[in-house]
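Written out below as structure tokens is the structure these notes cover.
Residue numbers (our numbering), protein chains in the order written: chain A, 169 to 391; chain B, 169 to 391.
Next comes the structure, spelled out in structure tokens:
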């Protein structure tokens, strides 16, 4: 018997990926992949990356989790990627050098892209201080899928909050290259959304994000 | 004014992560994260990693995609991680050295873990020839969340199919360290499921996987 792919395929038609489609009776799921469009149709909403960026203490993670909860309560598919589930897992091999920070953001972007492909609204909460790194993530997905949300609390507000005690350590020189103190934060020039997390309430900020997503047709209007 | 965290928190109670919970009126989504249990309750099914392993040509990707389609048609959250969406994205910086292969599997495991946390059944389709690498992924998640599925087509069947022409190249020495030819495949000794993708039909294999998932209470019985 010949080992040519076509005959091997015919010997077991359902696994011969390239040669047997015409013979298959299982066409409903034969070689088919579930498309993003099919997922959106089934779930009743689009997916996108909501990229929250801003200084430490600006409220990125708090806002991302609050938006996530609001989406979940509407029955939408959503997930938050943040330091808690990334730095201890996927990126635990990375340090804090410039190259490591860049690679960290790259991997987060790639994972967010997978979630979007899976029909899930991916919310990310990382300082992500450099425009070039954020723009690389933007370039990974089709236009409209990357929604940059600048949590625009001023440095003095963030430092006053200092919820993790990091600013005090940075001022004391215990943390090097701390964004806003000893390393620059490149604020987005034209983000899809700028949220004043320095003065407005969390409730107002959540409403602002949800209104944007509704306006873009990503999520349905709340009932 | 003092910059102590507690006062800063009171100045803007909704963003002070560590100090203001008692004062919050937005407790419904204040600092809350959506738990995996809440997702499972809402969607009506558990999540898990379905780790398809086997030789090139054994039918891993075909079976994973077919199972994925069947789950999707039942309205369940599911997603396939495979070479198409991983090697060109998250792991595009990795080559094929032993260390790179190990890191490739590690990252896939970490991403699958994120999907499971997001309530999504994560199906992975990689040769993953080494027991140690697969066992590291198994150790990432709670017992019962890692379901190793051995696509157990014999080497001669896979080589006869040679759907991608890779065996011919490996025999000709054009591909080095090709699993089954010039590099070992360590078959799982006690996988959760062994599927005879060498002789049974794709439809039978899909039914076998679905029956296992139903038996484990991960997905509901089909209607």
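Backbone N, C-alpha and C define an ideal beta-carbon position, used for all residues, glycine too. Being a predicted model, the structure only gives us computed values, none of them experimental.
To the nearest angstrom, how far is the alpha carbon of residue 177(A) from that of residue 372(B)?
Translated into positions along the first chain, residue 177(A) becomes position 9. Translated into positions along the second chain, residue 372(B) becomes position 204. For residue 177(A), the predicted model reports a pLDDT of 34, less than 50, meaning its position is unreliable; a value from the coordinates is still stated below. When rounded, the distance between both Cα atoms is 17 Å.
With contact counted as at least three CB pairs below 8 Å, one residue from each stretch, are the region 272-282 of chain B and the region 249-263 of chain A in contact?
A contact exists between the region 272-282 of chain B and the region 249-263 of chain A.
Kindly indicate if chain A contains any beta-carbon less than 8 Å away from that of residue 245(B).
The residue given as residue 245(B) occupies position 77 in the second chain. Answer yes: the Cβ-Cβ gap between residue 245(B) and chain A drops below 8 Å somewhere.
I'd like to know if residue 253(A) contacts chain D, where contact means its C-beta is closer than 8 Å to some C-beta of that chain.
Protein chains in the displayed structure are A and B, and chain D is not among them.
8 Å contact criterion, which residue 318(A) and residue 362(A) should meet: CB distance rounded
Locating residue 318(A) in the first chain gives position 150, where the first residue counts as 1. Locating residue 362(A) in the first chain gives position 194, where the first residue counts as 1. 5 Å between Cβ atoms; contact.
Measuring only the C-alpha atoms, how far is residue 209(B) from residue 387(B)?
For the purposes of this step, residue 209(B) is taken as residue 41 along the second chain, with counting starting at 1. For the purposes of this step, residue 387(B) is taken as residue 219 along the second chain, with counting starting at 1. Rounded to the nearest angstrom, the gap between the Cα atoms of residue 209(B) and residue 387(B) is 12 Å.
Sequence ranges, beta strand (DSSP E) only - wholly within the region 358-390 of chain B, length at least 3:
Under the rule that a run must span 3 or more residues, the beta strand (DSSP E) segments found entirely inside the region 358-390 of chain B read 361-363.
What does DSSP give as the partner residues of residue 317(B) in its beta bridges?
Stepping through the second chain from its first residue, residue 317(B) is reached at position 149. 220(B) and 361(B).
Taking C-beta to C-beta, are residue 223(A) and residue 333(A) nearer than 8 Å?
Your numbering for residue 223(A) matches position 55 in the first chain. Your numbering for residue 333(A) matches position 165 in the first chain. No; because the gap between Cβ atoms is not below 8 Å, this pair is not in contact.
Inspect the beta-carbon positions of residue 302(A) and residue 365(A) and report whether they are closer than 8 Å.
Within the first chain, numbered from 1, the residue matching residue 302(A) stands at position 134. Within the first chain, numbered from 1, the residue matching residue 365(A) stands at position 197. No; because the gap between Cβ atoms is not below 8 Å, this pair is not in contact.
Taking 8 Å as the threshold (beta carbon to beta carbon), is residue 382(B) in contact with chain A?
By one-based count along the second chain, residue 382(B) stands at place 214. Interface with chain A (8 Å Cβ-Cβ cutoff): residue 382(B) is excluded.
Beta-carbon of residue 258(B) versus every beta-carbon of chain A: anything under 8 Å?
Counted from its first residue, the second chain places residue 258(B) at position 90. Yes, contact with chain A.
Endpoints, the alpha helix (DSSP H) within which residue 262(A) is located
As a first step, residue 262(A) must be located in the first chain, where it is residue number 94. Counted as a single uninterrupted DSSP element, the stretch harbouring residue 262(A) is not any alpha helix (DSSP H), since DSSP gives it neither H nor E.
Between the region 201-217 of chain A and the region 285-293 of chain A, do at least 3 Cβ pairs fall closer than 8 Å?
In short, these stretches touch, since the Cβ pair count reaches three.
Short-range partners of chain B found in the region 288-301 of chain A, where Cβ spacing is below 8 Å
Residues passing the 8 Å Cβ filter: 288.
Judging by CA-CA distance, which residue of 237(A), 307(A) and 229(A) is the nearest neighbour of residue 204(B)?
Numbered from 1 along the second chain, position 36 holds the residue referred to as residue 204(B). From the listed residues 237(A), 307(A) and 229(A), the smallest Cα separation to residue 204(B) is found for 237(A).
Using the three-state DSSP reduction, which class does residue 249(B) fall into: helix, strand or coil?
As a working mapping, residue 249(B) is identified with position 81 in the second chain. Looking at residue 249(B) - three-state DSSP - the assignment turns out to be strand.
Could you give the distance in angstroms between the alpha-carbon of residue 341(B) and the alpha-carbon of residue 266(B)?
Locating residue 341(B) in the second chain gives position 173, counting from the first residue. Locating residue 266(B) in the second chain gives position 98, counting from the first residue. Rounded to whole angstroms, the separation of the alpha carbons of residue 266(B) and residue 341(B) is 18 Å.
Tell me the rounded alpha-carbon separation between residue 351(B) and residue 375(A).
In the second chain, counting from the first residue as 1, residue 351(B) sits at position 183. In the first chain, counting from the first residue as 1, residue 375(A) sits at position 207. The alpha-carbon atoms of residue 351(B) and residue 375(A) are separated by roughly 56 Å.
Given that a residue counts as buried once 16 or more other Cβ atoms are within 10 Å of its Cβ, and exposed if not, what is residue 310(A)?
Translated into positions along the first chain, residue 310(A) becomes position 142. If you draw a 10 Å sphere on the C-beta of residue 310(A), you find fewer than 16 other C-beta atoms in it, and that means exposed.
Sort 353(A), 344(A) and 298(A) by Cα distance to residue 321(A) and report the nearest one.
Position 153 of the first chain, counting from 1, holds the residue named residue 321(A). The residue with the shortest Cα to Cα distance from residue 321(A) is 353(A).
In chain order, what residues of the same chain lie with their CB nearer than 8 Å to the CB of residue 383(B), ignoring the 5 residues before and after it?
The count along the second chain starts at 1 and reaches residue 383(B) at position 215. Hits under 8 Å: none found.
Can you name the start and end residues of the alpha helix (DSSP H) that residue 291(B) belongs to?
The residue labelled residue 291(B) in the question sits at position 123 within the second chain. Element bounds for residue 291(B): not the alpha helix (DSSP H) but the beta strand (DSSP E), 289-293.
So with CB distances below 9 Å, who are the chain A contacts of residue 285(B)?
Here residue 285(B) refers to the residue found at position 117 when the second chain is read from its first residue. Residues of chain A passing the Cβ test: 247 and 253.
Using a Cβ-Cβ cutoff of less than 6 Å, which residues in the same chain neighbour residue 232(B) once the five nearest sequence positions on both sides are dropped?
To locate residue 232(B), count along the second chain from 1; it is residue 64. For residue 232(B), where only same-chain residues beyond five positions count, the Cβ hits under 6 Å are 220, 248, 291 and 293.
In or out: residue 338(B) buried (at least 16 other Cβ within 10 Å) or exposed?
To locate residue 338(B), count along the second chain from 1; it is residue 170. So residue 338(B) counts as buried.
Shorter than 7 Å, the distance from the beta carbon of residue 350(A) to the closest heavy atom of the ligand COA, or not?
With respect to the ligand COA, the structure shown offers nothing to examine, as it has no ligands at all.
Go ahead and label residue 245(B) buried or exposed: buried means 16 or more other beta carbons lie within 10 angstroms of its beta carbon, across all protein chains shown.
Counted from its first residue, the second chain places residue 245(B) at position 77. Flag for residue 245(B) reads buried.
Beta carbon of residue 234(A) nearer than 8 Å to that of residue 326(A):
By 1-based counting over the first chain, the position of residue 234(A) is 66. By 1-based counting over the first chain, the position of residue 326(A) is 158. Contact: no.
For residue 240(A), which residues in the same chain have their Cβ closer than 7 Å to its Cβ, ignoring the five residues on either side in sequence?
Position 72 of the first chain, counted from the start, is the residue given in the question as residue 240(A). Sequence-distant Cβ neighbours of residue 240(A) in its own chain, meaning closer than 7 Å and more than five residues away, are 246.
If we count the other Cβ atoms within 10 Å of its Cβ and call it buried at 16 or more, is residue 165(B) buried or exposed?
Coverage of chain B is limited to positions 169 through 391, which leaves residue 165(B) absent and any answer about it impossible.
Can residue 381(B) and residue 230(B) be called in contact, C-beta distance under 8 Å?
Taking the second chain and counting its residues from 1, one reaches residue 381(B) at position 213. Taking the second chain and counting its residues from 1, one reaches residue 230(B) at position 62. No. Outside cutoff.
If you measure between the beta carbons of residue 207(A) and residue 312(A), is that distance less than 8 Å?
Numbered from its first residue, the first chain carries residue 207(A) at position 39. Numbered from its first residue, the first chain carries residue 312(A) at position 144. For residue 207(A) and residue 312(A), no; Cβs fall outside 8 Å.
According to DSSP, simplified to helix, strand and coil, what is residue 351(A)?
Reading the first chain from its first residue, position 183 is the one you call residue 351(A). In the structure shown, the three-state DSSP call for residue 351(A) is strand.
Does residue 201(B) get closer than 8 Å to chain A when you measure Cβ to Cβ?
Position 33 of the second chain, counted from the first residue, corresponds to residue 201(B). Look at residue 201(B): its C-beta is under 8 Å from a C-beta on chain A.
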